[in-house]
Every structure is written in structure tokens, then in C-alpha cells.
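**Student:** Numbering (our numbering), first residue to last: 28 to 342. Don't be surprised by glycine CBs; every beta carbon is placed ideally from N, CA and C. A single structure is presented below for examination.
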């Protein structure tokens, strides 16, 4: 089995061991490549494993791939239907980042509620030294207890976020295409998730149901004091509609770990807004999460080699 690893730099900076994959067979590592470079790198390869590199019809037709693995749960960068036509197995890694994403989601939510980084920056700028009083209130601070957290997408990550919210005595409401009966979570419809939420957090795959779920119409349903948090996929938000809502005060703010175009485009409509905090798609990336990811990617590849593939997304 000859395997090519793409996007290596997006998974490890040398802090996570990749040897579990190398033990499965001959392995070549590359960082981010152009489409033409990917085709060249894949000549003679049986398998490719990537993170965000697009593996489309052109690449599949120009190579002899039998297997595509992703360093991710999402796989919208792979043409899985064409892979199925070609007999190419595509495998993802579900569940590896649940704790990581839930933790970062709540760190963003807590920042929106508490403004701790704003206060720390204020002190670093000398504001406390110049203050005539022992405490000052430059930024608003609000309690989470009693507030409503809306969760759009109730898979393993959404459930983990709900559990944390319950511990903060928040009211939790959720929208999912397959409603569930779960203690501590109220099921609501698409309209109610926007109108009722004080904080609305996205934990859904990017598909026809979720694409641009945040748009001019749904933003108009939200409270002016509400916040949006997105650690799912950038495409669930119409970024121009969100910009208009943030600038006009239609909603209070947003914290985004993902964007429609990544890395951030020069003309990103959300860049530079005071009430929009953006982090560079790091919610999944704790060292523990990446260690699990590498191990499970290796297990996926080994299972394919043994003729019993697991986590196949295009059966």
C-alpha cells in the first residue's frame, strides 16, 4: 500500500507523532499543494489522506487511487459520489474532536458573556493604573445562568455542549432533523431556535439543510441582545447578512472559528468588526484531539488494507 499524506502541516507541527500511519505501509508526506502538484504527488499512490485538500473528479481520473481518507469528520472537500462510481473508498474520523470542540465552543461563549480578554487588554494598556477606582466596567459582563443556549445540530458535539450548558444552569433548546427526547434539552423548530436563543451555537454538518441557515430572514428573528457562535462550517452563515446584522445592531455579536473561505479571504466581510471575534479554525485542534485523530486515521487505513474498511462515508 502506497499512501500519500497531504496537508501534513495542518495536523502537526512536529508535536504529534505520525508513525502509526507509516506502520501501515509506504508513506510520503506533503504540506499544502496546488491541484497540479497533488496530481503529480499521487502518481503511483494507492491511497491519499488529506485534511482540506480538494479531491475531485479531475484528481481521481488522473490517478489510480483506491482509498481516500480525511483527517476530519467532515468530508465536503471530497467528491464522494464520483469516488463511489470509481470504486474508491472514502473514510472519515467521527467523534475524535468532541471534547476539544465543546471546550472551545464554551470558551468563545464565555468570552462573549464576560469580555475577559477585553479587560486583560485594558489592564495591559495601563487603564487600571490610571483608574481612580478599584474596579471599572469598560465592557459589559453577563451571567449565563438562566440564559437560553440554542444548539443547531445535536450530534455528539452538540450534546457535549448541551451538557456543559446544563452545568451553568442555562436553558438549552435544540434544532435537529431527527428530534430526540433528552433530559435538559428542549426540541424546537427552525424558527424557534433563532427567536428564543440568547446564544446560538452551530454543530451541524454543511449540507442542503444547513447551508446559509444564518441569513437575512433568520437573523431578523433574533433578539438584539443575542450572539451567534459557529465552530461547525463557515458555509452555514451568509457572511454578508451577518455583517449587516452586526453593524446595524440587529444582533449583539458573534464568535466564529470557521469561515466560508479559509484561510480568511482578503475581502472577508466580517474582518475588523468590533463585535465579531474570529479564531482560525482551531476548535478541533487540542493536542489530545490531534493525537486521537492520527491514531484513528491509521486504524481506518489499516482496516482498508485488511479488506474490512470502517467509517466508510460512500458505501
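In three-state DSSP terms, what is residue 150?
**Tutor:** In the chain shown, residue 150 corresponds to position 123, counting from 1. It is helical.
**Student:** How is residue 346 classed by DSSP in three states: helix, strand or coil?
**Tutor:** Because the chain here runs from 28 to 342, residue 346 falls outside it and cannot be looked at.
**Student:** Taking the straight line between their C-alpha atoms, what separation do you get for residue 100 and residue 299?
**Tutor:** As a first step, residue 100 must be located in the chain shown, where it is residue number 73. As a first step, residue 299 must be located in the chain shown, where it is residue number 272. Annotation: residue 100 to residue 299 spans about 30 Å, alpha carbon to alpha carbon.
**Student:** Quick one, which of 118, 165 and 248 has its alpha-carbon nearest residue 141's?
**Tutor:** To locate residue 141, count along the chain shown from 1; it is residue 114. Out of 118, 165 and 248, 165 has the C-alpha closest to the C-alpha of residue 141.
**Student:** Between which residues of its own chain and residue 202 is the CB-CB distance below 7 Å, once the five residues before and five after are set aside?
**Tutor:** For the purposes of this step, residue 202 is identified with residue 175 of the chain shown, where counting begins at 1. Once the five neighbours on either side are set aside, the close Cβ partners of residue 202 are 179, 215, 216, 217 and 220.
**Student:** Given that a residue counts as buried once 16 or more other Cβ atoms are within 10 Å of its Cβ, and exposed if not, what is residue 209?
**Tutor:** The residue given as residue 209 occupies position 182 in the chain shown. Answer is exposed; the Cβ neighbour count stays below 16.
**Student:** What are the partner residues of residue 264, as DSSP defines its beta bridges?
**Tutor:** For the purposes of this step, residue 264 is identified with residue 237 of the chain shown, where counting begins at 1. In the DSSP output, where bridge partners are listed per residue, residue 264 has 241.
**Student:** At the level of alpha carbons, what is the spacing between residue 91 and residue 340?
**Tutor:** The residue you call residue 91 lines up with position 64 of the chain shown. The residue you call residue 340 lines up with position 313 of the chain shown. Using only the alpha carbons, I get a separation of about 20 Å.
**Student:** Leaving out the 5 sequence neighbours to the left and right, which residues in its chain are closer than 7 Å to residue 311 when beta-carbon positions are compared?
**Tutor:** One-based indexing of the chain shown puts residue 311 at position 284. Closer than 7 Å at Cβ, skipping near neighbours: 124, 127 and 128.
**Student:** Using alpha carbons as the reference points, say which of 317, 331 and 338 lies closest to residue 44.
**Tutor:** Walking along the chain shown from the start, residue 44 turns up at place 17. The candidate whose alpha carbon is nearest that of residue 44 is 317.
**Student:** By the three-class DSSP mapping on this structure, what secondary structure does residue 226 have?
**Tutor:** Numbered from its first residue, the chain shown carries residue 226 at position 199. Looking at residue 226 - three-state DSSP - the assignment turns out to be strand.
**Student:** Could you check which residue in 322, 61 and 51 has the C-alpha nearest to that of residue 73?
**Tutor:** Walking along the chain shown from the start, residue 73 turns up at place 46. When each option's Cα is compared against that of residue 73, the closest is 51.
**Student:** Do you know how far the Cα of residue 327 is from the Cα of residue 177?
**Tutor:** As a first step, residue 177 is located in the chain shown; it is residue number 150 there, counting from the start. As a first step, residue 327 is located in the chain shown; it is residue number 300 there, counting from the start. Going from the Cα of residue 177 to the Cα of residue 327 covers about 34 Å.
**Student:** Go through the stretch 286 to 328 residue by residue and report every complete run of the alpha helix (DSSP H) that reaches 4 residues or more, in order.
**Tutor:** none
**Student:** Quick one: which unbroken alpha helix (DSSP H) runs of 4-plus residues sit fully inside the stretch 151 to 202? Chain order, please.
**Tutor:** 154 to 157 and 183 to 194
**Student:** Cβ of residue 116 within 7 Å of Cβ of residue 336?
**Tutor:** Looking up residue 116 in the chain shown gives position 89. Looking up residue 336 in the chain shown gives position 309. Contact: yes.
**Student:** If you reduce the DSSP assignment to three classes, tell me which class residue 123 lands in.
**Tutor:** By one-based count along the chain shown, residue 123 stands at place 96. In the structure shown, residue 123 sits in coil (DSSP, three-state: anything other than H, G, I, E or B).
**Student:** Please list, in chain order, all residues of the same chain as residue 56 whose beta carbon is under 7 Å from its beta carbon, the five residues on each side excluded.
**Tutor:** Translated into the one-based positions of the chain shown, residue 56 becomes position 29. 32 and 35.
**Student:** Whose C-alpha, out of 255, 29, 187 and 184, is nearest the C-alpha of residue 279?
**Tutor:** By one-based count along the chain shown, residue 279 stands at place 252. Closest option to residue 279, Cα to Cα, is 255.
**Student:** What three-state label does DSSP hand residue 87 in the structure shown?
**Tutor:** For the purposes of this step, residue 87 is identified with residue 60 of the chain shown, where counting begins at 1. Correct three-state label for residue 87: helix.
**Student:** Do residue 325 and residue 48 count as a contact pair if the criterion is CB distance below 7 Å?
**Tutor:** Translated into the one-based positions of the chain shown, residue 48 becomes position 21. Translated into the one-based positions of the chain shown, residue 325 becomes position 298. It is a contact, given that the beta carbons lie within the stated cut-off.
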